[in-house]
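These protein sequence lines map, in sequence, to chains A and B. Quick note: the first sequence uses the working numbering, first residue 2, plus one each step. Quick note: the second sequence uses the working numbering, first residue 2, plus one each step. Where is the CB? At the ideal position from N, CA and C, for every residue including glycine. All values derive from a computational prediction rather than experimental measurement. What follows is one structure encoded as structure tokens, with my remarks underneath.
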Amino acid sequence: MSGIVGLVALLLAPGVPLALAVLWSFPRLRRHIGPLAPWAAVPALLLALFGQPGATVELAWLLFGAQIGMTGTTQVFLFFTALIWFAAGIHGRGHLSKDDHCERFCVFWLLTLTGNIGLILALDVALFYTSFALMSFAAYGLIVHDGSRAALRAGRVYLVLAVLGESLILIGLILAARLTDAPLVPMLVDLPRAIAVAPERDLIIASLWLGFGVKAGLPLLHFSLPLAYAAAPVPVAAALAGAMIKAGLLGWLVTLPLGQAGLQDWGTIVIAAGLVAAFGGALIGVNQTRPRLVLAYSSISQMGMVSVAIGAWLSVPELGPLLAVAITVFALHHALAKAALFLGTEVVRHRTRRPVIWLWIGLGIPALGLVGLMPSGLLTKTTLKAALTAGSTMPEMWSSLPLLLGLAATGTTALMARHLWLLRLEAGRDDAPPAAWHGWALITAATVLGVFMLPLWGIRPDWMGALAGLPNALWPVAAGLVLAVLAWRWLRPWPIPPADVLVLLTPLPGLVLRAGQALGVTGPAIQRVLRHLQALALDRYRRADHRVGRATVHLWRRDAPLLFVLILALLAIYGLSIV
Amino acid sequence: MDWNGLVLLSVLATSLVASGVILLLAESRVVLRSVFNLAAAVLKLLLVLWIILGVYRNVDYELRFTIIEGVDFILRADALGIMFVGLSSLLWLFTTIYAIGYLERAPNRSRFFGFFSLCVASTVGIALAGNLFTFLLFYELLTLSTYPLVVHRGTRESLRAGQVYLYYTLGGGALLLFGVVALHVLVGDTEFVPGGSLSGIDPSLHPLLIGIFLMMVVGLGVKAALFPLHAWLPMAMVAPAPVSALLHAVAVVKAGAFGIARVVYDVYGIEFAYSLGLLGPLAVAASITIVYGSLRALTQDDLKKRLAFSTISQVSYIILGISLFGPVGTIGGLVHLLHQGLMKITLFFCAGNYAETLGVHKISELDGAGERMPATSVAFTLGALGMIGIPPLAGFVSKWYLGIGALSAGMNWVLAVLILSSLLNAAYFLPILYRIWFRKRDRVWCEGKALGWFETSGWLLFPTLATAAFALIAGLLAGMPFSPLYWAELIVSREYLQ
Numbered sequence: 002m003s004g005i006v007g008l009v010a011l012l013l014a015p016g017v018p019l020a021l022a023v024l025w026s027f028p029r030l031r032r033h034i035g036p037l038a039p040w041a042a043v044p045a046l047l048l049a050l051f052g053q054p055g056a057t058v059e060l061a062w063l064l065f066g067a068q069i070g071m072t073g074t075t076q077v078f079l080f081f082t083a084l085i086w087f088a089a090g091i092h093g094r095g096h097l098s099k100d101d102h103c104e105r106f107c108v109f110w111l112l113t114l115t116g117n118i119g120l121i122l123a124l125d126v127a128l129f130y131t132s133f134a135l136m137s138f139a140a141y142g143l144i145v146h147d148g149s150r151a152a153l154r155a156g157r158v159y160l161v162l163a164v165l166g167e168s169l170i171l172i173g174l175i176l177a178a179r180l181t182d183a184p185l186v187p188m189l190v191d192l193p194r195a196i197a198v199a200p201e202r203d204l205i206i207a208s209l210w211l212g213f214g215v216k217a218g219l220p221l222l223h224f225s226l227p228l229a230y231a232a233a234p235v236p237v238a239a240a241l242a243g244a245m246i247k248a249g250l251l252g253w254l255v256t257l258p259l260g261q262a263g264l265q266d267w268g269t270i271v272i273a274a275g276l277v278a279a280f281g282g283a284l285i286g287v288n289q290t291r292p293r294l295v296l297a298y299s300s301i302s303q304m305g306m307v308s309v310a311i312g313a314w315l316s317v318p319e320l321g322p323l324l325a326v327a328i329t330v331f332a333l334h335h336a337l338a339k340a341a342l343f344l345g346t347e348v349v350r351h352r353t354r355r356p357v358i359w360l361w362i363g364l365g366i367p368a369l370g371l372v373g374l375m376p377s378g379l380l381t382k383t384t385l386k387a388a389l390t391a392g393s394t395m396p397e398m399w400s401s402l403p404l405l406l407g408l409a410a411t412g413t414t415a416l417m418a419r420h421l422w423l424l425r426l427e428a429g430r431d432d433a434p435p436a437a438w439h440g441w442a443l444i445t446a447a448t449v450l451g452v453f454m455l456p457l458w459g460i461r462p463d464w465m466g467a468l469a470g471l472p473n474a475l476w477p478v479a480a481g482l483v484l485a486v487l488a489w490r491w492l493r494p495w496p497i498p499p500a501d502v503l504v505l506l507t508p509l510p511g512l513v514l515r516a517g518q519a520l521g522v523t524g525p526a527i528q529r530v531l532r533h534l535q536a537l538a539l540d541r542y543r544r545a546d547h548r549v550g551r552a553t554v555h556l557w558r559r560d561a562p563l564l565f566v567l568i569l570a571l572l573a574i575y576g577l578s579i580v
Numbered sequence: 002m003d004w005n006g007l008v009l010l011s012v013l014a015t016s017l018v019a020s021g022v023i024l025l026l027a028e029s030r031v032v033l034r035s036v037f038n039l040a041a042a043v044l045k046l047l048l049v050l051w052i053i054l055g056v057y058r059n060v061d062y063e064l065r066f067t068i069i070e071g072v073d074f075i076l077r078a079d080a081l082g083i084m085f086v087g088l089s090s091l092l093w094l095f096t097t098i099y100a101i102g103y104l105e106r107a108p109n110r111s112r113f114f115g116f117f118s119l120c121v122a123s124t125v126g127i128a129l130a131g132n133l134f135t136f137l138l139f140y141e142l143l144t145l146s147t148y149p150l151v152v153h154r155g156t157r158e159s160l161r162a163g164q165v166y167l168y169y170t171l172g173g174g175a176l177l178l179f180g181v182v183a184l185h186v187l188v189g190d191t192e193f194v195p196g197g198s199l200s201g202i203d204p205s206l207h208p209l210l211i212g213i214f215l216m217m218v219v220g221l222g223v224k225a226a227l228f229p230l231h232a233w234l235p236m237a238m239v240a241p242a243p244v245s246a247l248l249h250a251v252a253v254v255k256a257g258a259f260g261i262a263r264v265v266y267d268v269y270g271i272e273f274a275y276s277l278g279l280l281g282p283l284a285v286a287a288s289i290t291i292v293y294g295s296l297r298a299l300t301q302d303d304l305k306k307r308l309a310f311s312t313i314s315q316v317s318y319i320i321l322g323i324s325l326f327g328p329v330g331t332i333g334g335l336v337h338l339l340h341q342g343l344m345k346i347t348l349f350f351c352a353g354n355y356a357e358t359l360g361v362h363k364i365s366e367l368d369g370a371g372e373r374m375p376a377t378s379v380a381f382t383l384g385a386l387g388m389i390g391i392p393p394l395a396g397f398v399s400k401w402y403l404g405i406g407a408l409s410a411g412m413n414w415v416l417a418v419l420i421l422s423s424l425l426n427a428a429y430f431l432p433i434l435y436r437i438w439f440r441k442r443d444r445v446w447c448e449g450k451a452l453g454w455f456e457t458s459g460w461l462l463f464p465t466l467a468t469a470a471f472a473l474i475a476g477l478l479a480g481m482p483f484s485p486l487y488w489a490e491l492i493v494s495r496e497y498l499q
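Shown next as structure tokens:
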């Protein structure tokens, strides 16, 4: 794809879903747009497959003067994002057509997709932030789609965190943008250098890291993920877990001052947070009793491993090129595998006439990929390990990193075992929707083949290294399987609710409930007390507000003329005293 | 009087003449009144577009004559003034269309539309005023012409609100008058000139200038609803929806904010005001108002009341921008003058649509309104998201410029205020959107009137959609020539960076 075709393709990738969303506002066209919605990601997919990185299109009229284009890294992101949206769309086609709110779903789908593609292609800060916000807020409509209580709660938690995240990102971007060459039309490429020299450097890094961390499942900010993944329709969960979580990662990649010197402390913090996520996600995940929750925690755990790479990049800038490749490969691998796993949770529920063995092979492929036994997973793990051990001068504490990552992989194995085990219980409950197989089969095939397409985007994988690393990749799997079998035989899952931290933090109902039950007080009674306390606090605020309102109105209605005379007199005295 | 002066006068005259004729028309001449009113609005908009092009090409538009020795009546179209005129004539057209639909079969329409036009004439006068005296003249005229609109319904509540409104605005007007007179005594007739005209004054008089500044800003702050002078605004919500829309988006609060901009930029000059140390306190006052308005808005269940407190908060963005020393902050404040108008008028139109069509006044009754009135609800959503500052809507552009402006002015704490305000805005707007779109109505709607083809009367729907579209386009296409941002940058480059 060259020249003018490439530029048009750049515009069409986000333009087609946006145009469909706009056309949707004509009620007469709505019927026709529904069937087209899954295909809206195709232009982006074609662009990712055939486009050349480097081309840019300037859209001076858009926002403060926007620019879109592709780099090698973002092309990979575009590939898996578009593919996941496409597959998830095909998957969703069947069962959403029977839905009452199918039309509403359709427009939120298109808008979220537009945002997701837009943020990958954006080269300037304003368009990037706009697309990110569009994706975040439109996804709310997808998460709460079925209107159940769980979905509404998930939506509420998601939205509150999204608003907080957006605010943090905005703080970071504004503070960073001021120090770029053109503060009013800042480009993403200029941010890292500006941040590195900014007087508020730490504040900026913290804002951006936490702000994008809301999407990327940073520990303590992660709790919207399990709730949303479990409550949203399956295609949405696949898009959330595969594509949108990577938007957070991409946010880190393009804004954080990676490759700038003197950020060792931040590197350590990010690595530590990554390890907490990697292990915490696995520990909480294996205790979950629903496949989608297991997958959600697995995502958090996997993103923790990527965080380790980001932290390493902050600490040792010289590793940059190697880590960039490792992170990109990791993102591609995890995105496709996770999307396949999510779509699989629904496929398995449906009875079909096809031989069951194919279904289980299909379900097993992405799981094997994640634990590192498929080419993609193996390559991901070995590339990451090689990058982490490539530096000439390494911090002391890094020596244990490969071991820790291996242990985390043990957790991944246990999670996947748990997931497949739970899936077994759900098999064959419903009838099959016709389209469900295609999307899932497509994305499953991509989990196998995607990694072989890396040369297309200028990444030459080190397959020999990967093969050499195979023995090293085997022990975590073996250990994980042993653990899983042991746990299955002798342990019972510890009931950690899906919104673990949220339940513990606000307003501590989880702990209180448990304590109350221990003392013999029933749950509902405690919940009543808690609700009462909450209402009391709200009531306090409302009453204080009312009092302020009444006071101002009273004072100012009765005595407004007097007051103005008073102000006048005071100012006059002030004036006279000066003269 | 030259040709250009005549054009300027006719901009003012279109609404003045319309006002006189409409007041004289019999109540029953509905069609004639509507046609005349709309024709005047369209004509004025065309004239304003003509002048905008002229100002862009640096053509001078000025009209002046001496009233008594030393006191001139001056009308002048500069970039800042014409921006405000453009906003008011555009929104006047939409509000007139809206009001025709809204007041269908209501009593006293001649009176309403007459004063409505007079109100717009005063706004245009304020915008085009070339010196403090002319400004004051129209500023007081605005007070008097809006009073009949506030009390239009004639209920006990609205009369009381009108009384409070008068106390406040006349009190504020008196303060402004004293300030203007004091300044006149000190330096003579004060014309608005870019960069201000007071910087050369004897330093011994500086304390006096500070006092006069305070007096004028407090006087103007009443209309701009600066805390604690804002109490009239939520009470004035008893007025009909088009009036609230006009008061909030264009006429009254904007006149206050615009006046402060004139005083800071064209009377004192921003550098002189900065050197007198006047901008810091102004920024603090604006910030307090921003947070206070948002906090109060959180608990209001009456939709128009919540919007009113939101206005209090949002108008202070403009004042905040004015008080940020530096071009970027100025752009942020001035562009928000337009953006807030577009977004807020949309929200009030929507509130009016819900009230007229579904009889819904309270937020708690809005459940499922999106299904019944999708177009209105989309407009409301755009307005609300814009107020929060979510890109690509207009509010985001303002927030971005205010944020960068605050940082370049060395006032980093303002960024915290902006973010806090966005969060509070989200906290009081997102629940409304949630109710509209994601809740289900459990009863049938009690439909207000016969509606025709659309979800509500076309007179009510189209202005709403148009202003919502403008609010979206102003943000999305901010880089286009003649976008609000473009014009604000033009003002700054022309007037303050010479």
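Neighbour flag for residue i against chain B, beta carbons, 7 Å
{"i": "P508/A", "result": "In this prediction, P508/A scores a pLDDT of 44, lower than 50, which makes its location untrustworthy; the coordinate-derived value is nonetheless stated afterwards. Closer than 7 Å: no."}
{"i": "L109/A", "result": "Reading off the sequence shown, one finds Phe at residue 109/A, where the question assumed Leu. Chain B contact via Cβ: absent."}
{"i": "Y230/A", "result": "no"}
{"i": "I172/A", "result": "yes"}
{"i": "L505/A", "result": "Caution applies to L505/A, whose pLDDT of 48 falls short of 50 and renders its modelled position unreliable; the value that the coordinates give is listed next. Not closer than 7 Å to any Cβ of chain B, the Cβ of L505/A fails to qualify, so no."}
Local Cβ density within 10 Å of residue i, reported as buried at 16 or more and exposed below that
{"i": "M216/B", "result": "buried"}
{"i": "W359/A", "result": "exposed"}
{"i": "T457/B", "result": "buried"}
{"i": "D203/B", "result": "exposed"}
{"i": "L457/A", "result": "exposed"}
{"i": "S578/A", "result": "exposed"}
Where residue i meets chain A, residues with beta-carbon distance less than 8 Å
{"i": "T300/B", "result": "Y542, R543, D546 and H547"}
CB contact check: residue i to chain A, cutoff 7 Å
{"i": "I289/B", "result": "no"}
{"i": "I420/B", "result": "yes"}
{"i": "M216/B", "result": "yes"}
{"i": "A467/B", "result": "no"}
Sub-7 Å separation of residue i and residue j beta-carbons
{"i": "L228/A", "j": "A155/A", "result": "yes"}
{"i": "A240/A", "j": "Y230/A", "result": "no"}
{"i": "G173/A", "j": "S208/A", "result": "yes"}
7 Å Cβ cut-off: residues of chain B touching residue i
{"i": "I568/A", "result": "L176 and V219"}
{"i": "P184/A", "result": "I405"}
Cross-chain neighbours of residue i in chain B, by beta carbon under 8 Å
{"i": "R179/A", "result": "I405, L408 and S409"}
{"i": "T131/A", "result": "P392, P393 and F397"}
{"i": "I301/A", "result": "The contacting residues do not exist; I301/A stays about 25 Å from chain B at best."}
Contacts of residue i in chain A (Cβ-Cβ under 7 Å)
{"i": "A479/B", "result": "L64 and F65"}
Contact set between residue i and chain B, taken where Cβ atoms lie within less than 9 Å
{"i": "L176/A", "result": "G404, L408, N413 and L416"}
{"i": "L251/A", "result": "Those do not exist, as L251/A stays about 17 Å from chain B at its closest Cβ, beyond 9 Å."}
Exercise for review: Evaluate the contact criterion for the stretch 129-142 of chain B versus the stretch 382-389 of chain B: three or more CB pairs, one atom per stretch, below 8 Å.
Suggested key: no
Check your understanding: Is the number of C-beta pairs between the stretch 477-485 of chain A and the stretch 405-423 of chain A that are closer than 8 Å three or more?
Key -> yes
**Study point:** Meets three-Cβ-pair contact criterion under 8 Å: the stretch 342-352 of chain B and the stretch 90-97 of chain B
**Key:** yes
Review point. Are there three or more Cβ pairs, one per stretch, closer than 8 Å when the stretch 383-397 of chain A is compared with the stretch 438-447 of chain A?
Key: no
Practice item. May I ask you to verify whether the stretch 312-328 of chain A touches the stretch 54-64 of chain A, counting CB pairs closer than 8 Å and requiring at least 3? Key: Touching, no, given that fewer than three Cβ pairs across the two stretches are closer than 8 Å.
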